[in-house]
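Numbered continuously in my numbering, the sequence shown closes out at residue 462. For glycine and all other residues, C-beta sits at the position ideal for the given N, C-alpha and C. Structure, as structure tokens:
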Amino acid sequence: MIEIKKLNKAFGEKVILKDISVDIKEGELFSVIGPSGMGKSTFIKCLIRLLKPESGQIIVDGQDIGSTSNEFTLAKVRRSFGYLFQEGALFDSLTVMENVAFGLKYLTDIPKSDYPRLVKEKLALVGLKDVEHLKPSELSVGMKKRVSLARSVAAEPKYMLYDEPTTGLDPVTTGMVKDLILDMREKLKITSIVVTHDLNLALEISSRVAMLNNGEFVEVSEPDKFRQSENKGVKEFMEISHLSRTANGEKGCK
Ligand SMILES: Nc1ncnc2c1ncn2[C@@H]1O[C@H](COP(=O)(O)OP(=O)(O)OP(=O)(O)O)[C@@H](O)[C@H]1O
Ligand SMILES: [Mg+2]
Numbered sequence: 209m210i211e212i213k214k215l216n217k218a219f220g221e222k223v224i225l226k227d228i229s230v231d232i233k234e235g236e237l238f239s240v241i242g243p244s245g246m247g248k249s250t251f252i253k254c255l256i257r258l259l260k261p262e263s264g265q266i267i268v269d270g271q272d273i274g275s276t277s278n279e280f281t282l283a284k285v286r287r288s289f290g291y292l293f294q295e296g297a298l299f300d301s302l303t304v305m306e307n308v309a310f311g312l313k314y315l316t317d318i319p320k321s322d323y324p325r326l327v328k329e330k331l332a333l334v335g336l337k338d339v340e341h342l343k344p345s346e347l348s349v350g351m352k353k354r355v356s357l358a359r360s361v362a363a364e365p366k367y368m369l370y371d372e373p374t375t376g377l378d379p380v381t382t383g384m385v386k387d388l389i390l391d392m393r394e395k396l397k398i399t400s401i402v403v404t405h406d407l408n409l410a411l412e413i414s415s416r417v418a419m420l421n422n423g424e425f426v427e428v429s430e431p432d433k434f435r436q437s438e439n440k441g442v443k444e445f446m447e448i449s450h451l452s453r454t455a456n457g458e459k460g461c462k
């Protein structure tokens, strides 16, 4: 379980997160949505202390990493997280096998002789086979996403963080990534936190959706309740999302 209490983050004078408090329970698929530049990425970067908050607690399985400088504690907590970066961030000079094994090498004590088997297992999980010898340049965008995801879950993290997992993808690949996120949760029982500006994605896959606006979570609720929100920021965001969806030719909601 992740307990966030009164989390504050600023860059210089610019306050990004103001007193954010929320609990993310085991098995949840928790999405954070909001307009560009509001601090969604900042929020998840704080969760694994890629960024240090000004104040507040981030308690991961009972361990508060909000302000600690203890590298041992940080490393231990970070090992329970997988992180799917927006751009995938595969190493171009490494093969798919080496890319996926990277997570095992740095995050586990698993013997090297087990890597090929485990890498193949994770690639199968994301629907890929016989690609171990290829380099990222030889993969399609969708395949790169799958390999990135295989790498992120290679060490079987307890928590997965997804930063804009579908941004810039075509509708087919978006659907595929959506299914993969749901699969990871189901098959590996991973608690997931998804940061996205894709409201429709968030409403479709999440157990709860939080809307970040001007540094605060102005609404945190289950998708059905979220749709009924009376919050002005949420209503505007829903309106804009609907308009851009219609403009893209994807009419109507399920
Ligand atoms: N390392 C940094 N130093 C200074 N300012 C930063 C830093 N990282 C982010 N910011 C600023 O903090 C604000 C929030 O950025 P963040 O990337 O978290 O937004 P976001 O909601 O993820 O946006 P997007 O939807 O475009 O990804 C932005 O104004 C950004 O310019
Ligand atoms: Mg971002």
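Requested in this report: Could you tell me whether the Cβ atoms of F238 and I413 are closer together than 8 Å?
Outcome: No.
Query raised in the report: Does the segment 401-411 come close enough to the segment 226-242 that 3 or more CB-CB pairs lie under 8 Å?
Result: Touching, yes, given that three or more Cβ pairs across the two stretches are closer than 8 Å.
Query raised in the report: For A297, which option in K217, S356 and S345 has the closest C-alpha, if you only look at C-alpha atoms?
Result: Measuring from the Cα of A297, the nearest candidate turns out to be S356.
Requested in this report: Look up T399 in the DSSP assignment and give the residues it is bridged to.
Outcome: According to DSSP, T399 bridges with Y367.
Query raised in the report: From Q158 to K366, what does the alpha carbon distance come to, in whole angstroms?
Result: Beyond the ends of the chain as shown, which are 209 and 462, falls residue 158; an answer cannot be given.
Requested in this report: Closer than 6 Å by C-beta to S437: which residues in its own chain qualify, once you throw out the five before and the five after it? Chain order, please.
Outcome: If we look at S437 and ignore the five residues flanking it on each side, its Cβ neighbours are E427.
Requested in this report: May I have a chain-ordered list of the beta strand (DSSP E) segments no shorter than 3 residues that lie completely inside the segment 273-360?
Outcome: Runs of the beta strand (DSSP E) lying entirely within the segment 273-360 and spanning at least 3 residues, in chain order: 289-292.
Query - Of the residues F445, V223, A418 and H450, the one placed nearest P431, counting alpha carbons only - result: Comparing Cα-Cα distances from P431 to each of F445, V223, A418 and H450, the minimum goes to A418.
**Report entry** First and last residue of the uninterrupted beta strand (DSSP E) at E211
**Finding:** For E211, the enclosing beta strand (DSSP E) covers residues I210 to F219.
Report task. Report the rounded CA-to-CA distance for D378 versus G350, giving the unit in angstroms. Result -> Answer to the nearest angstrom: the Cα atoms are 9 Å apart.
Requested in this report: Classify I232 as buried or exposed, calling it buried when 16 or more other Cβ atoms lie within 10 Å of its own Cβ.
Outcome: Residue environment analysis places I232 among the buried positions, since at least 16 neighbouring C-beta atoms fall within 10 angstroms of its C-beta.
Query raised in the report: When the distance is taken between beta carbons, is V268 closer than 8 Å to F473?
Result: Residue 473 lies beyond the range of the chain shown here (209 to 462); nothing can be said about it.
Query raised in the report: Just curious, the beta strand (DSSP E) that D432 is in, first and last residue?
Result: From DSSP, D432 is part of no beta strand (DSSP E) but of the alpha helix (DSSP H) over P431 to R435.
Query raised in the report: Are the CB atoms of V380 and R354 nearer to each other than 8 Å?
Result: Pairing V380 with R354 gives a Cβ-Cβ distance that is not under 8 Å.
Query raised in the report: Helix, strand or coil: how does DSSP classify K440 here?
Result: If DSSP states are grouped into helix, strand and coil, K440 belongs with the helices.
Report task. Give every residue of the same chain whose Cβ lies closer than 6 Å to the Cβ of V442, excluding the five residues on either side of it in the sequence, and list them in chain order. Result -> Excluding its 5 nearest sequence neighbours in each direction, V442 has C-beta neighbours in its own chain below 6 Å: M419 and E427, listed in chain order.
Query - Chain-order list of residues whose beta-carbon lies under 7 Å from that of R257 (same chain, five-residue window excluded) - result: So the list reads I273 and L282, once near-sequence residues are dropped.
Query - Chain-order list of residues whose beta-carbon lies under 7 Å from that of S244 (same chain, five-residue window excluded) - result: Scanning its chain for C-beta atoms nearer than 7 Å, with the 5 sequence neighbours on each side dropped, one finds around S244 the residues H405, in chain order.
Report task. Using alpha carbons as the reference points, say which of N408, K253, V385 and P261 lies closest to G220. Result -> Closest in alpha carbon position to G220, among N408, K253, V385 and P261, is P261.
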